[in-house]
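**Student:**
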Amino acid sequence: MGWGSIYIRRMKVFSLALLIYLDYKALKHREKWINSSERAGLWEKAHERNAKRIVNLIIELEGLWVKMGQYFSVRADGLPGAYPRHLKQLQDSLPPRCLKEVQKTIQKEMGKSINDIFTTFVEKPLATASIAQVHRATLRDGKEVVVKVQHEGIKTIILEDLKNAKSVVEWIVWAEPKFNFNPVIDEWCKEAPKELDFNREAENTRKVSSNLCCKKDCLDKKPEHPC
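Counting with mature numbering (1 follows the signal peptide of the UniProt record, and there is no 0), you get residues -17 to -1, 1 to 210 for the letters of the sequence shown.
Written as structure tokens, this is what we have:
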């Protein structure tokens, strides 16, 4: 991802944050002249349109925003009902990256073409998430595996999204101190980059597999490193 795309991505996030903030501030100002019986309905409409705006931008940008949207979709305790209701659609699988991109990533990471490593590789992924997608495949030795392929350029996107999210949260705290999401975003900044380290994930999987190897009701599956 070039710096031009990063800048456009940043501007879209900041523009939407400002739009939503001004929408709520305008309604807060207007409610002084609105009948009390109508206020709840107007606030609900505001939550609905702003939740839709956020979901639409998340679907467009993907990256970290999908994971954040999924997180807040199950946090009905801290948000107006319209937000988790609309954010729940982000729980579905995302559109997959094309096979050409997947092949390029495998070639770059493994030093071999996809045909040199696998006898079969199913083009349609089993699932696609914000960071990677998984494909069913068969190694040259006949072993059936599931291949997790990180999206091209996703590290740059995730790290940039974290910076943007932190900036938005800090701006909100400055403008509206009672809405302090800094503890949440600080934890995201600490933990989210770890999900980009697939070597770490593989090692954790080995540890889990080792701990469960004696359990008869568990499948003993370990990460593969085809040569």
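We put the beta carbon where it would ideally sit given N, CA and C, even for glycine.
Ala65 to Ile168, Cα distance in whole Å?
**Tutor:** The alpha-carbon atoms of Ala65 and Ile168 are separated by roughly 21 Å.
**Student:** Any idea what DSSP makes of Lys131, helix, strand or coil?
**Tutor:** strand
**Student:** Apart from the five residues just before and just after Ile41, which ones in its own chain have a Cβ nearer than 7 Å to its Cβ?
**Tutor:** Trp48, Val49, Gly52 and Leu73
**Student:** Are there 16 or more other CB atoms within 10 angstroms of the CB of Leu70, so buried, or fewer, so exposed?
**Tutor:** Classification for Leu70: buried.
**Student:** Just verifying my parser: in three-state terms, what is the DSSP assignment at Cys210?
**Tutor:** Model confidence at Cys210 stands at a pLDDT of 46, short of 50, so the residue's coordinates are unreliable and nothing is read from them.
**Student:** Is Val151 helix, strand or coil when you go by DSSP?
**Tutor:** helix
**Student:** Between which two residues does the beta strand (DSSP E) holding Arg119 run?
**Tutor:** Ala115 to Leu122
**Student:** At what residues does the beta strand (DSSP E) containing Phe55 begin and finish?
**Tutor:** No beta strand (DSSP E) contains Phe55, which is instead part of the alpha helix (DSSP H) from Leu47 to Ser56.
**Student:** I believe Thr88 touches Gln133 by the beta-carbon criterion, under 8 Å. Please report the beta-carbon distance rounded to the nearest angstrom.
**Tutor:** 7 Å
**Student:** If you draw a straight line from the alpha carbon of Glu170 to that of Arg58, how long is it in whole angstroms?
**Tutor:** 16 Å
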